[in-house]
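Under my numbering, the first residue of the sequence shown carries the number 683, and numbering increases by one thereafter. The structure appears below as structure tokens.
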Amino acid sequence: MSNRASTFFVQSTYGGAGNFEVVTDSPNDGHRGLVHRWRDNDNPAFPWIYAGHFYRGRYVIRRPSVIQDRATGSGRLQVVAIATGADGRTALRHFVRANNPTWAWGASPEELPGSAGLDFSSNPALIESSLRPVRRLEVFAAVRSGGIARWWRTDAGWEHGGTVLTELGAVDAITVVESTFGRLEMLIRRGPRLEHLSRPATAPDTAWSAPAAILENAAGVPGFVHGRHGPNGNFEVVTADTSGGLTGTWADTSDRDNPRWMGGYTISGPVGGAAGDLDAVGLVQSTFGTPGAGNLEVLLRRAGRTYFCWRIDTPPWTWSPVFPIANDPPDESAALRRTDTLERRLAGCDDLRAAMAWETATGDRLVYDAWSRAQKDRLNDLFARLLDDRDLALPCPDPNRNMSLRPRPSGITAMFLTAAEAFEIYAAHVAHVFYLEATGRVGWSILDLPSAELQELLSSDRYHTRILDTPLATAPEPYYPAHIRPNRDYQLPYRVQVSGRPLGLLCDPRIGWRFLRGTNSSTREDLLGPDEETTLANISWWASKNLAHGGEPGVDDTRAYYATHTYLQDRLRAEHRDWGSGSFTGVWAPQGCQNASTLLHDLARSVNIPLLAVTVLQGTGFAHQGLLFRWQRPDVRHLQHTDDVYIALRMAPFFSLRPDGTAASAAEARRHFFEVQWSRPEALTAAGFRLSDNYDPIRRPSEDTPHANPDGGGWVMGTDIHSFALEKRYQLCSWREFVEEYCRGTMSEARLTSLGARLFRPFAEYQARARAAAAAYGGCAGMETSTRAWEAESGRHVWVDR
């Protein structure tokens, strides 16, 4: 029997028992975005879990309808809602959430054709029809001029079936199910009158039956299922009523062609205030209860709150009390913009307070509400100092004093923080995150971040990790300085301690901000863009011209070097180095991709862009470092080897081409550089990469190994990282080790193969690409001149004290 209602509530196949999934709009936040919650039905406590607030910055969304896609076996959540975009265009849009460990919502929801400009008087009702030759999604929504508009989705996309049942006039609410009788069963509400009509699922729209009244006191959107009680499965309905309570009714379907509606019964008196047209009931018959039957599970939406109750599936059919499970998220952006202390602003930001977690040295995870009075006062003080552009009075530690006395048994040299230093640095960065958000300093919002990405900015274990007093046979003596105590103090996480180098300590969070805005850069160029992606493209472009690969023995691996290159401003200063084939003055990544990852991570975080540092395996051997952008959001990007983005692998200078083969503008080239370097997953898998499906940081607090960056996938194409680098040179038309080979007449298949373990395309395509680049940029002589100019400018955009 069908229990799949076309409202906001469904029991999914996720988990052993099948979790409850709830997708709603958010009237408390101006209906911006979709709010997703779920109940863990494998947990005996049945906790309701907030999964996130999605599309908040992109759409005003009303009256979503959700199902789980079972036709293809994908298990995706499918949502159709009335959505207004930033351009003011209102239409029905189709949103999809992936069924994989990223649980990402799709980047570009589809607009249903013909829906823009329609004045909808009801919610859309989404079902998955199984009675046609091919399963398909179907949508029904009433329009104010009268009748019900229809859409369906096939492999070719959405199709509009026009408006039917115009004789019904104005319809205020609609719910549709597909019964096992081979029919579509529809409930409509016109005023307080709730009515039922049906038609064979494969019949034309002219075959709908006349509406039959079943209740006269209905309000909002009703919940409706074809249940599992009775010989043919009764129809079960629960609706908000005009008194503000909940009313139920059912139909005896012994005569399946003439269901006999049995009148209303009271489930609950008034719940949470007066009834209204925006009320909605979600109803499922769950897998809980008697096998082959199942409890009725009800959610009521009213005035930004969600209420829950259920009915046991055996006589006397007792209903539980109705109780609230959640408030909708408040308008946190408005709360943060108040003129007040940070603590009072955060009082209106439940989700942000829950994301702010301080991990104690003994392993307790204290969210903001559990912080001490002194901790909250210091955060208030730091926020006020940022607003007033005052000194933060931070106890920035002496890197030399806080460095481990000797490498640990793992071979990694550690950098430590006292408990006081750790909290001060963490609190300063949290205050800076809220300072940028509350003052609108950046064009994006932390409120649009999924929880895992928000933790990269607000959770203390992403800044440092605790140390345990775990005796090791290989370390009979403490490796930490005398003033550091296990179970009290902290060390930097493994993300910034790769290859035994403890680089990457941050103290004043404004350093990266001042550099990117040009306040403390030698060029004064402002690298802040209007959105996250443009800003990250600007940071990548900066690295391509100013960052070089270090690792010189006796220089980059000394204690003195660590001590003087720990803080971000010192890592951004210019250094001059000579090597056998030339010299370079600029910023250096002392150990290559590991330290370059930390540098880009820190710059991005200084403008509220979370990046995730990941370990990328080359076959089964050597591990490289990469970065992920939007790893919990649609359109995730992989910088699978951070060396690719700067001078280390000779990607620059490059000569971007438009699709028509002409030279790209400077802005187009910068964007092209980002698109090629920060690869989409499909580009990596097509190239032979195996990608991880889980990016959870590895949490290993111990004396020897703090929590580490997660696995970002592995190469399966061979043993040489330059294979994909060569493909990037082809895409970018880079001069070094690509177009230069063509211009000098040394380009050959053997030569290109020597630059990478394999070629991704026929050799003739490499020749043609290089030839086209030369033709577009004034020939080889012109490209040589441009290269010299590029080299003369590179390395000059560095930190300067002012």
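Yeah, the Cβ is synthetic: ideal placement off N, Cα and C, and Gly gets one too. Note that the coordinates shown come from a computational prediction; the quantities given were computed from them, not determined experimentally.
(message) Among the candidates 1019, 1104 and 1478, whose CA atom is the shortest distance from the CA of residue 1224?
(response) The residue with the shortest Cα to Cα distance from residue 1224 is 1478.
(message) If I follow the unbroken alpha helix (DSSP H) through residue 1254, where does it start and stop?
(response) Counting along the chain, residue 1254 sits inside no alpha helix (DSSP H), nor does DSSP assign it H or E at all.
(request) Could you have a look at residue 1078 and say whether DSSP puts it in helix, strand or coil? (result) Three-state DSSP puts residue 1078 in coil, outside helix and strand.
(request) Determine the contact status of residue 848 and residue 896, defining contact as a CB-CB distance below 8 Å. (result) Judged by their CB atoms, residue 848 and residue 896 are not nearer to each other than the 8 Å cut-off.
(message) Using the three-state DSSP reduction, which class does residue 1220 fall into: helix, strand or coil?
(response) It is helical.
(message) Given this structure, state the Cα-to-Cα distance separating residue 1010 from residue 740, to the nearest angstrom.
(response) Straight across, the Cα-Cα distance linking residue 1010 with residue 740 is about 18 Å.
(message) Could you compute how far the alpha carbon of residue 1249 sits from the alpha carbon of residue 837?
(response) Going by C-alpha positions, residue 1249 is about 54 Å away from residue 837.
(request) Give the DSSP-derived three-state secondary structure of residue 1425 in the structure shown. (result) DSSP places residue 1425 in helix when its eight states are reduced to three.
(message) Please state the DSSP three-state secondary structure of residue 1207.
(response) Coil.
(request) Might you give, ordered along the chain, the residues of its own chain that have their beta carbon closer than 8 Å to the beta carbon of residue 944, omitting 5 neighbours on each side? (result) The residues are 931, 932, 933 and 934.
(message) Suppose contacts are defined by Cβ-Cβ distances below 8 Å. Is residue 1325 in contact with residue 1231 by that definition?
(response) Residue 1231 sits close to residue 1325, with the two beta carbons spaced by under 8 Å.
(request) For residue 794, collect the residues of the same chain with a Cβ closer than 6 Å to its Cβ; drop the 5 residues on either side in sequence, then sort them by chain order. (result) Here the set comprises 774, 833 and 840.
(message) Does residue 806 pass the burial test, meaning 16 or more other C-beta atoms within 10 Å, or should it be called exposed?
(response) By the neighbour-count definition (other C-beta atoms within 10 Å, threshold 16), residue 806 is a buried residue.
(message) Do residue 985 and residue 955 count as a contact pair if the criterion is CB distance below 8 Å?
(response) Closer than 8 Å, so yes.
(request) Using 10 angstroms around the beta-carbon of residue 1046, count the other beta-carbons present and answer buried if the total reaches 16, otherwise exposed. (result) By the 16-neighbour rule on beta-carbons within 10 angstroms, residue 1046 is exposed.
(message) DSSP has residue 934 in a bridge; who is on the other side?
(response) BP columns for residue 934 point to 942.
(message) Per DSSP, what are the beta-bridge partners of residue 1311 in this structure?
(response) In DSSP, residue 1311 forms a bridge with 1293 and 1319.
(message) Does residue 1363 come out as helix, strand or coil in the three-state DSSP assignment?
(response) Three-state DSSP puts residue 1363 in a helix.
(message) Helix, strand or coil, according to DSSP, for residue 1111 in the structure here?
(response) DSSP, reduced to helix, strand and coil, places residue 1111 within a helical segment of the structure shown.
(message) Quick check on residue 1273: does DSSP put it in helix, strand or coil?
(response) Residue state for residue 1273 is assigned as coil, using DSSP reduced to three classes.
(request) Enumerate in chain order the residues of its own chain whose CB-to-CB distance from residue 1398 is below 6 Å, with the five nearest sequence positions on each side excluded. (result) In this prediction, residue 1398 scores a pLDDT of 45, lower than 50, which makes its location untrustworthy; the coordinate-derived value is nonetheless stated afterwards. Once the five neighbours on either side are set aside, the close Cβ partners of residue 1398 are 1370 and 1372.
(request) Could you check what DSSP says for residue 1084 in three-state terms: helix, strand or coil? (result) In this structure, residue 1084 counts as coil in the three-state DSSP scheme.
(message) Can you tell me whether residue 905 is helix, strand or coil according to DSSP?
(response) Residue 905 carries a strand assignment under DSSP once its states are collapsed to helix, strand and coil.
(message) Does the contact criterion of 3 or more C-beta pairs under 8 Å hold for the segment 1461–1475 versus the segment 1346–1355?
(response) Three or more Cβ pairs closer than 8 Å define a contact, and the segment 1461–1475 falls short of that threshold against the segment 1346–1355.
(request) Flag this pair as yes or no: are the beta carbons of residue 808 and residue 747 separated by less than 8 Å? (result) With respect to residue 747, residue 808 sits close: the two C-beta atoms are nearer than 8 Å.
(message) Taking the straight line between their C-alpha atoms, what separation do you get for residue 763 and residue 983?
(response) Roughly 16 Å separates the two Cα atoms.
(message) In the DSSP assignment, the beta strand (DSSP E) including residue 923 goes from what residue to what residue?
(response) Taken as a continuous stretch (DSSP letters only), the beta strand (DSSP E) holding residue 923 covers 917–923.
(request) Please report the residue range of the alpha helix (DSSP H) in which residue 947 lies. (result) Segment 947–950 is the beta strand (DSSP E) holding residue 947; no alpha helix (DSSP H) there.
(message) Using only CA atoms, which one of 905, 880, 900 and 904 lies nearest to residue 893?
(response) Out of 905, 880, 900 and 904, 880 has the C-alpha closest to the C-alpha of residue 893.
(request) Since I believe residue 742 is in contact with residue 712 (beta carbons under 8 Å), could you give me their beta-carbon distance rounded to a whole number of angstroms? (result) Right, the Cβ-Cβ distance comes to about 7 Å (below 8 Å), so this counts as a contact.
(request) State buried or exposed for residue 731, treating a residue as buried only when at least 16 other CB atoms are found within 10 Å of its CB. (result) That one is exposed.
(message) Let me make sure I understand the geometry here. Which of 1208, 1104, 729 and 826 has the alpha-carbon closest to that of residue 845?
(response) Nearest C-alpha to residue 845: 826.
(request) Compute the distance between the beta-carbons of residue 1244 and residue 1081, then report whether it is under 8 Å. (result) Yes, Cβ-Cβ distance for residue 1244 and residue 1081 is below 8 Å.
(request) Measure the beta-carbon distance from residue 1186 to residue 1280 and round it to whole angstroms, keeping in mind my assumption that it falls under 8 Å. (result) Between residue 1186 and residue 1280 the beta-carbon gap is near 4 Å, inside 8 Å, which marks them as a contact.
(message) So residue 876 and residue 913 are supposed to be a Cβ contact under 8 Å. How far apart are they, rounded?
(response) In this structure residue 876 is not in contact with residue 913, their Cβ atoms being roughly 25 Å apart against a cut-off of 8 Å.
(message) Looking only at its chain, what residues have a beta carbon closer than 6 Å to the beta carbon of residue 688, apart from the 5 residues adjacent to it on each side?
(response) The residues are 747, 807, 808, 809, 857 and 858.
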